[in-house]
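Heads up, the sequence shown is in this note's numbering, so the first residue is 2 and it goes up one at a time.
By construction, the Cβ of each residue, glycine as well, lies at the ideal position given by its N, Cα and C atoms.
Data first, discussion second: the structure below is written as structure tokens.
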Amino acid sequence: MTLQGERPIAVQVSRLSKRFGTFQALNGIDLTVRKGEKIVVCGPSGSGKSTLIRCINGLEPHDAGRIVVNGIEVNGKAQNILDVRREVGMVFQQFNLFPHLTILQNCMLAPRLTLELGKAQAEALARRFLERVHIGAQADKYPSQLSGGQQQRVAIARALCMEPRIMLFDEPTSSLDPEMIGEVLQVMEDLAADGMTMICVTHEMGFARKVADRCIFMDQGEIVETGPAAAFFENPASDRLRTFLAQVLH
2 MTLQGERPIA VQVSRLSKRF GTFQALNGID LTVRKGEKIV VCGPSGSGKS
52 TLIRCINGLE PHDAGRIVVN GIEVNGKAQN ILDVRREVGM VFQQFNLFPH
102 LTILQNCMLA PRLTLELGKA QAEALARRFL ERVHIGAQAD KYPSQLSGGQ
152 QQRVAIARAL CMEPRIMLFD EPTSSLDPEM IGEVLQVMED LAADGMTMIC
202 VTHEMGFARK VADRCIFMDQ GEIVETGPAA AFFENPASDR LRTFLAQVLH
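In structure tokens form, the structure reads like this:
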């Protein structure tokens, strides 16, 4: 079995800093994610979690430091950003589906425009990933005809249609009703089991315990603590993490 440390580096973040006006959102972040690793990032609101993953795929320009994704530097150059987004899929809090397109059409759009696939090839790809997230039967419906959990699964399928090697999740269950959260987490667990490299910003600590190779706790724009999931939950080293876990686990 290949040791975690021997796997190729998928994402390398070095001394990353980001400001919004006078607010220091990220302050000297260092993070290495290896191929196939499942990372869960947690922390209080405003701690920089979402900003971190938005910087990784170039949605937010960073002010200082360096980000390299599968050997491609995220440096603001248009071609580099395009190349990175072909490597990285992202799922947001909101589903961001086009309401005037069917589920199938939503999933076909990016492969046709970005990968320049023909209609038949894009449709086959879309149907394959809709089946993978257990929603293939809804392909001809419109987003408004689906529940929130179903729409989020469509959003995951849409990201997978670009066949990314890394998936980023930004609080993917935070806008869902409680009974819909489980179906989305199950799809994420399936992706993890298939070996997808994943960075997940979430407060779903049960998911973190079950799936994460490593958990990261952020606060005030810094990584305060990181470690294997078992130690992270059972033996937190910092007072800030202990306080946070006491709040979210009870």
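- DSSP places Ile157 inside the alpha helix (DSSP H), whose first and last residues are Gly149 to Leu161.
- Ranked by how close their Cα comes to the Cα of Asp141, the residues Glu38, Leu105, Ile40 and Leu169 have Leu105 in first place.
- In chain order, Lys19, Thr52 and Arg55 place their CB closer than 7 Å to the CB of Glu61, counting only its own chain and leaving out the 5 sequence neighbours on each side.
- Under the rule that a run must span 4 or more residues, the alpha helix (DSSP H) segments found entirely inside the segment 111-198 read 120-133, 149-161 and 179-194.
- One thing to note: Thr198 has its Cβ within 8 Å of the Cβ of Ala11.
- A contact between stretches requires three or more CB pairs, one per stretch, nearer than 8 Å, and the segment 143-160 meets this requirement with the segment 175-187.
- DSSP places Lys39 in the uninterrupted beta strand (DSSP E) bounded by Lys39 to Cys43.
- The three-state secondary structure of Asp214, taken from DSSP, is coil.
- Residue range Asp240 to Val249 is occupied by the alpha helix (DSSP H) that includes Thr244.
- In the DSSP assignment, Ser51 falls outside any beta strand (DSSP E) and within the unbroken alpha helix (DSSP H) covering Lys50 to Ile57.
- Around the C-beta of Leu114, fewer than 16 other C-beta atoms lie within 10 Å, and the residue is accordingly described as exposed.
- When DSSP states are grouped into helix, strand and coil, Val75 belongs to the coil group.
- For Gln221, the three-state secondary structure derived from DSSP is coil.
- Straight across, the Cα-Cα distance linking Leu169 with Ala123 is about 22 Å.
- Between the segment 35-52 and the segment 215-226, the count of C-beta pairs closer than 8 Å reaches three or more; the two stretches touch.
- Taking 8 Å as the cut-off, the Cβ atoms of Phe233 and Gln152 do not count as close.
- By the neighbour-count criterion, in which 16 or more other beta carbons inside 10 Å mark a residue as buried, Lys120 falls on the exposed side.
- Asp31 carries a strand assignment under DSSP once its states are collapsed to helix, strand and coil.
- Under a 10 Å Cβ-count criterion, His101 is classified as exposed, with fewer than 16 other Cβ atoms of the shown protein chains found around its own Cβ.
- Looking at Phe208, Thr203 and His204, the one whose alpha-carbon comes closest to that of Asp191 is Phe208.
- At the C-beta level, Glu172 and Gln248 stay beyond 8 Å of one another.
- A distance below 7 Å between beta-carbons, with the five flanking residues on each side excluded, links Thr33 to the following residues of its chain, in chain order: Ile10 and Gln13.
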